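Residue numbers (the working numbering), protein chains in the order written: chain A, 1 to 529; chain B, 530 to 836; chain C, 837 to 1182.
Where a beta carbon is used, it is the ideal one built from N, C-alpha and C, also for glycine.
Note that the structure is predicted; figures quoted are calculated from it, not measured.
In what follows, a structure is listed as structure tokens, so that the remarks can point back to it.
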Amino acid sequence: MMPSDIKLATSPSAVRLALRGITKSYPSVVANDGIDLTVEAGRIHAVLGENGAGKSTLMKIIFGVVQPDVGTIHWEGAPVEISTPGQAKRLGIGMVFQHFSLFETLTAVENVALGIPGRSDLAALSSQIVALSDRYGLPVDPGRAVHSMSVGERQRVEIIRALLQNPRLLIMDEPTSVLAPQAVQKLFGTLRQLAAEGCSILYISHKLDEIRELCDVATILRGGKVTGICDPRQETASNLARMMIGREIPACRHAPASTIDDPGRLTIANLSVKSDDPFGVDLHDISLIVHGGEIVGLAGISGNGQRELMAALSGETLADEPSSISLSRVPIGSLGPRQRRRLGLCFVPEERLGRGAVPSLSLDENSLLTANGTPMVQAGMMQPAKIRTFTERCIATFNVMCGGPDAAAKSLSGGNLQKLIMAREVLQQPKVLLVSQPTWGVDVGAAAFIRQSLVDLRNAGTAILVVSEELDELFEICDRIAVIAKGRVSPIRPVSATDIKDIGLAMTGLWSPADDTRTPAEKGARIAN
Amino acid sequence: MSGVLISIVIATLVAGTPLVYAALGELVTEKSGVLNLGVEGMMLTGAIVGFITATATQSIWLGVLAAMLAGALLATLFAVIAITLVANQVAAGLALAVFGTGLSSLLGKGYTGTSLVLPPSPVAATVSQVAWVGQYLTQLHPLVYLSWLLFAAISYFLYRTKAGLVLRAVGESPASAHAIGYPVVRIRYLATMFGGAMAGVAGAYLATIYTAIWTEGMTAGRGWIALALVVFATWRPARVLLGAYLFGGVTTAQLFGQVAGIPVPPEVMSSLPFLATIIVLVLITRNRTLVRMNAPPALGQPFHANG
Amino acid sequence: MQYASPLIAVLLTAVFGLLLCVAAGRNPWAALYTFTISPVSTLYGVSELLIKAAPLILIAVGLAIGFQANVWNIGAEGQLTIGAIFSGGLALHVASDGVLLLPAMIIAGAVGGMVWAALPALLRTRFNANEILVSLMLNYVAQLWLSYLIYGPWRDPQGFNFPQSKPLVADALYPILVPGTRLNAGVLIVLVAVIVGWFVLKRTFVGFQLRVTGLAEPAARYAGFSTTRAIWIGMLAGGAAAGLAGVGEVAGPLGQLFPTASPGYGYAAIIVAFLGRLSPIGILFSGLFMSLLYLSGEAAQIELNLPSATTGLFQGALLFMLLAADLLVNYTIVVAPARRLQEKIS
């Protein structure tokens, strides 16, 4: 059955989903506290809140993954209990996850089949997929294995999988974090079409501009409670922000970079790396220079080579040509991470727990992960007192809320752990700092602190390279900006000479040689030994 | 000459059959993302249970059935620890191997060295009358033929049915499968129990048909070879079959060599299957891409059901 | 707190044993006495306990270093066998004797164990071959090699055709520490190993790197800790320890070479390592307990006519109980709240 065969109730007063008094507690926190939510038929309803506000928990309750302690759910007027995702689907609730639940080694049609109960005729399903993708402008190749798809295409598979269940309510969880600006517009078109046909949409996001553009009603969450219900099109972004975090977002004190100290501190020249992951992205001929005392931003949707580039720069992957990466004119391409760190190159990775920090080890021990030169380690032996002093300095300077240096890393919240990892790298006074997704999943207060600390570090003379998906953030703190797409890096431009539209275009891989403001030296000169 | 060739083929098939059962069973288990290292223990317990039951009931089939139950039961014990309690699967599997081996010794206490003698089957007598192939067909126990059926059934199940698709999905990403609403724990239990049942059949075949005598530790490492088989068959049923018969061949060569009086010490011949396993393992897994593309991505990783 | 689950596991296994006795129609309390108290109620009994505990503890400490780095050396039994072959072979074929013989044997045994452990290490680091399977296969090969030697070229011509080697000369044996018992100086090596193992794991940076490699491999790579080095150190530590244990058997209670070098110490040590929470101090205690299990097994063989391999039943049960107790203890106190915290954050 195709969605078009059903004419859904579209009168504005028809309530599709009503949550009343939803409360869910965990031992250390109340995630949802007496939440009321009313979603009407055919409306695009935003749920707005920063990380930790309770959005995820609420969605998990609606989709049957988690059960509320208190509260009622009414679906189209009748009370229901949603105890499993299967039940949610049977009611007509579909969900497109933020971190996709797709199976890489299977094809698109097999993935879709898994979302449907009962036996599946793959051939018939394939034609249904094609029909849907034509109808809603979501191009998908049913026979293609997911691992060979771009992130955007994967999301389209997720959406089609949800649509094939004829949902009456579609939950979209942070859908645009992986899309280029043009693709975002296409998605909005699809959502508007669905809403016009009577499907309700719950749109979870923290991106104020998008919500103001797309949604006609927004419920705002803060600290587990509803702090406002409004029409986002009538509100300004700063009003919405205030409702979201309860105060003004602190602005970044950002004087433009005055003096470039040590030009060419980090020089990448014609770096090409073949990914050893069959699902990875190869890097092609990347050339980039970061001077001391500046912040260079690298924009791009994840999956375009950022991981591979960061691994090559940090030393986790060794370069074929040692001189393709150099630090203050010293070739470091063949050095491992510890050696690069000793030369002054530090790195804050995008994964915190499990890579930037070991979850079950204490903060002291986690300091030792990268701060392990003298005096923390001497003659191969760990020096507990010196390690403790270092950790305490990290905690104090960056205001990390934790149970002390003996606390396990996993006991810290996302924002505080990120601050600690930042502190650890920054306090080693690096000559070059690489940062990947600095404020992903971090609450607004900590995010502002982190951005400010990057600017302060820049002012002290460090060369900083920031990779991020958040264009706003990059435009806020960077001096120059480039785009990484399909394993290549675009020409680099001063932030003042470009805007989000241009960058958005570059993210699709389009840039012209005329935009290139690099000097011939920057463009690809090899460092003569 | 062709008579010798046929004997070699038959000996190879016979020697490979326990590996076929054990490895195919473990394949299904591993496809769901569970690594059960306890195959040796399940095989041995299946062997003694099958032997005792066959001796008591004078029926190999009942013995095989009992062995399946015993294997499945032991696998369930492992599943409780490794799946429900989310323990380290390597340690749990080792515990099962040691436990199952010890259990088989205890149960087999009164049967050491005794042999199983059964009256000839009337079905076999009839089949052997069939012109020209009859005498060869009956040299293979029906379990050998059933193992081929098992191979076909598993291949069909894994790649042609929705349930098989779900199993593969669970083995790739249990979190995603759970998020879509599939009962990951239940699926893994079933896959693990199936693997145990098959290991039981393999053991019973060894003890009641291959050598109809019970001795302690009679599987002599075949359970571990079955595990290695799954790896270097890169988790594909057809390759498992091939690998099992390859080892059947090595074992046969070892026996023929001893009989033919080749002047190599018997211990060296007995080492051949183990050395061959190492060599083939190295040859296959050194191609990391091949392994990464075929190994169930979630293999051996603990899965915490939400809530 | 972290020793709560091993204690629970021991108790549960004891209950399991008592239930088995009841099922077999024996008085459980008498059985408990026979199998746990009486074997160690004499000086000789205690010395036997220590003699069996020594190789278990030694091997387990070596294995623990590897396990902490996620290096799964299952080949300790084979490495012990090769250690016995090298050291015993040296003693049997060297013309002269003297004070240097025993130290030479010790070195030979350690080298032998390390060589046998180097094979899976090499195949893992170069060819990505699973070290569990490779080291395990090598157990069977080592066993067959020893068997060949004892039934063949090394068989004692004066041995009435029994499968055994010539008895070793006095200089090839560890001196006895307590007269009237078999307790020998080999236990001193074990004490040294425990101290060294604890020191390496807890105080040195190398030990820290091993632990990180085992806990979170991406973090180890981020930190620049070499996984290759961790694999080599992990395997060689276990190999050396097992090889030394092999010398300990040959130059100790056995005094000559037999077709099997140990009653499964290499496998039991794996369980000892887990039971001791992969910590050398904990292993001291769990090794003693496992040794008691072996003595009980021997008593059971004599009293109840049970096959000695039944000890494996209890060892496996013990590990199962440990894993179960571990998870139950951790779940209620640590994992569940932590996971709820995760849910809340995400």
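Is there a C-beta anywhere in chain A that falls below 9 Å from the one on residue i?
| i | result |
| --- | --- |
| B/Y685 | no |
| B/I709 | yes |
| B/P826 | yes |
| C/S1062 | yes |
| B/L669 | no |
| C/Y839 | no |
| C/T1040 | yes |
| B/R817 | yes |
Between the options, which has its C-alpha nearest residue i's C-alpha?
| i | options | result |
| --- | --- | --- |
| A/L187 | A/A269, A/R16, A/V96 | A/V96 |
| A/I295 | A/A447, A/L474, A/G49 | A/L474 |
| C/K1002 | C/Y1010, C/P993, C/L1009, C/A1008 | C/P993 |
| C/L1046 | A/I211, A/P68, A/L369, A/P331 | A/L369 |
| C/G945 | C/F852, C/L1024, C/V846, C/G924 | C/G924 |
| C/S1098 | C/P1015, C/N909, C/Q915 | C/Q915 |
| B/Y734 | B/S561, B/G575, B/L756 | B/G575 |
Exposed or buried, what is residue i when buried is set at 16 or more other beta-carbons lying within 10 Å of its beta-carbon?
| i | result |
| --- | --- |
| A/F390 | buried |
| C/W990 | buried |
| B/L678 | exposed |
| A/H99 | exposed |
| A/N399 | exposed |
| A/F589 | As displayed, chain A neither begins before 1 nor continues past 529, which places residue 589 of chain A out of reach and without an answer. |
| A/R192 | exposed |
| C/M1157 | buried |
| A/V273 | buried |
| B/I535 | exposed |
| A/A521 | Residue confidence is low: A/A521 scores 49 on pLDDT, short of 50, so the model does not pin down where it sits. Its coordinate-derived value is still stated next. Result: exposed. |
| A/G504 | buried |
| A/P513 | Any reading at A/P513 must be qualified, since the residue scores a pLDDT of 49, below 50, and its modelled position is unreliable; no value is offered. |
| C/W865 | exposed |
| A/Q128 | buried |
| A/M59 | buried |
| C/I873 | exposed |
Leaving aside the five residues before and after residue i along the sequence, list all residues of the same chain whose C-beta is less than 7 Å from its C-beta, in chain order.
| i | result |
| --- | --- |
| B/M798 | Q783, G786, Q787 |
| B/G545 | A773, Y774, F776, G777 |
Here's a check: name, in chain order, each residue in its chain whose Cβ is nearer than 6 Å to the Cβ of residue i, leaving out the five neighbours to either side.
| i | result |
| --- | --- |
| A/G224 | V30, A31, N32, D33, G54 |
| B/F761 | V809, L810, I813 |
Contact criterion: CB-CB distance below 9 Å. Does residue i meet it with respect to chain C?
| i | result |
| --- | --- |
| B/G631 | yes |
| B/E796 | yes |
| A/N111 | no |
| A/R222 | no |
Could you confirm whether any beta carbon from chain E is found closer than 9 Å to the beta carbon of residue i?
| i | result |
| --- | --- |
| B/A616 | Among the protein chains of the structure shown, namely A, B and C, there is no chain E. |
For residue i, would you say it is in contact with chain B, using Cβ-to-Cβ distances shorter than 9 Å as the test?
| i | result |
| --- | --- |
| C/M973 | yes |
| C/S1127 | no |
| C/S1122 | no |
| A/F103 | yes |
Tell me which residues share the same chain as residue i and place their Cβ nearer than 8 Å to its Cβ, disregarding the 5 neighbours each side in the sequence.
| i | result |
| --- | --- |
| A/V15 | T38, V39, E40, A41, H74, E76, G77 |
| A/R222 | G49, E50, A53, M243, M244, I245, G246 |
| C/L959 | A965, E967, V970 |
Okay, do the region 712-720 of chain B and the region 120-138 of chain A touch, 3+ Cβ pairs below 8 Å being the bar?
no
Within the chosen definition, does the region 213-233 of chain A reach the region 399-418 of chain A through at least 3 CB pairs nearer than 8 Å?
no
Using 8 Å as the cut-off, can you tell me whether the region 290-306 of chain A makes contact with the region 1035-1046 of chain C, which would need three or more C-beta pairs spanning the two stretches below that distance?
no
Please determine if the region 1050-1068 of chain C and the region 861-881 of chain C are in contact, where contact requires at least 3 C-beta pairs separated by less than 8 Å.
no
Assess, as a yes-or-no matter, whether the region 1124-1131 of chain C is touched by the region 888-895 of chain C under the definition of 3 or more beta carbon pairs within less than 8 Å.
yes
Touch test, the region 999-1015 of chain C against the region 933-944 of chain C, Cβ-Cβ under 8 Å, three pairs minimum
yes
Kindly confirm or deny that the region 495-503 of chain A and the region 327-341 of chain A touch, where touching means at least three C-beta pairs closer than 8 Å.
no
Do three or more CB pairs link the region 1027-1036 of chain C to the region 1106-1120 of chain C at distances below 8 Å?
yes
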